[in-house]
Amino acid sequence: MYWTNAPRVPSSLEIAREIVTRFRPGDRILDLGCGPGRTLAGLRTAGLGSRHVGLDTNAPSLFAAAGVGLPVVRADLAALPVADAAFDVAILQAVLTTIVGPGQRLAVLREARRTCVRLLYIGDFLQNWDLPYYRTRYETGLVETGELGSFVVRDQGQTLYEAHHFTLEELSELLGQAGFAVAQAVFPTVRTRSGNVVRGVSLAAEPL
């Protein structure tokens, strides 16, 4: 799998300022798909959270996160080695976009619900049908993947991974099925891994 073996996992998203105010100094924060730990390190520097733990499947990223002093675990995000209600806040920053299929996305969200008791933060990409480049990607991707909003990412003809862009309704429904309700939504303009400027979404969700 590309994201497990990639030598570097980039992150182009920031936690929305409008939502970061929901984070508290005493929070136990779990970053699911932490990459090199940039998000957790930023929260720690800002004095938000008393405990910061990162989980990922990518070994080079975990090595980088550990290098800035973060405790990390290599784990499947759909089967977390974490006790029930062990954390106050869970983060999924540009992670759901990389997970193939609604069933697997729901499994990850249910694990987030099991392990966090107060807040889930999601940062991800919305569908951009008004942009010709992405309209073509979505139309071709529907044929190739069978799912609207999904598309195959290639580099010089080589398949790298499958990505998914969401609708707000789709994310809200998945969150509801996992036991969350959307408490706040922000719609920033963001850059993708490849440098394209698109509409993103930042969500604060609370357990039902």
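With this note's numbering applied, the sequence shown corresponds to residues 278 to 485, in that order. By construction, the Cβ of each residue, glycine as well, lies at the ideal position given by its N, Cα and C atoms.
Fill in: N- and C-terminal bounds of the beta strand (DSSP E) containing Arg-431
427-432
Worksheet entry | Backbone secondary structure at Leu-437 - three-state DSSP | Leu-437 sits in a strand when the DSSP states are folded into three classes.
Worksheet item: Should Val-366 and Cys-311 be called a contact, given that it needs their Cβ atoms to be closer than 8 Å?
Response: no
Practice prompt. State the beta-bridge partners of Ile-368 as determined by DSSP.
Written response: Answer is Asp-308, Tyr-398, bridged to Ile-368.
Worksheet item: Based on the DSSP secondary-structure assignment, which residues constitute the bridge partners of Glu-483?
Response: Ala-458
Fill in: Proximity to Ser-479 [Cα-Cα], best of Ala-462, Glu-421, Leu-485, Arg-468
Ala-462
Item to complete: Find out if the Cβ-Cβ distance for the pair Leu-357, Leu-383 is shorter than 8 Å.
Response: no
Worksheet item: Going by Cα to Cα distance, which pick from Leu-317, Arg-387, Arg-395, Arg-321 is closest to Ser-338?
Response: Comparing C-alpha distances from Ser-338 to each of Leu-317, Arg-387, Arg-395, Arg-321 shows the shortest one belongs to Leu-317.
Worksheet item: Which of helix, strand or coil does DSSP assign to Arg-476?
Response: strand
Fill in: Exposed unless 16 or more other CB atoms sit within 10 angstroms - verdict on Pro-360
Before going on, a small fix: residue 360 reads as Ala here, not Pro. The residue is exposed, with fewer than 16 neighbouring Cβ atoms inside 10 Å.
Worksheet item: Mapping DSSP to helix, strand and coil, what is Val-297?
Response: helix
Practice prompt. With a 10 Å radius around its C-beta and 16 neighbouring C-beta atoms as the bar for buried, classify Glu-388 as buried or exposed.
Written response: Result: buried.
Item to complete: Just confirm the distance between the C-beta atoms of His-442 and Leu-408, as a whole number of angstroms; I'd bet it's less than 8 Å.
Response: Their Cβ separation, rounded to whole angstroms, is 11 Å, which puts His-442 and Leu-408 out of contact at 8 Å.
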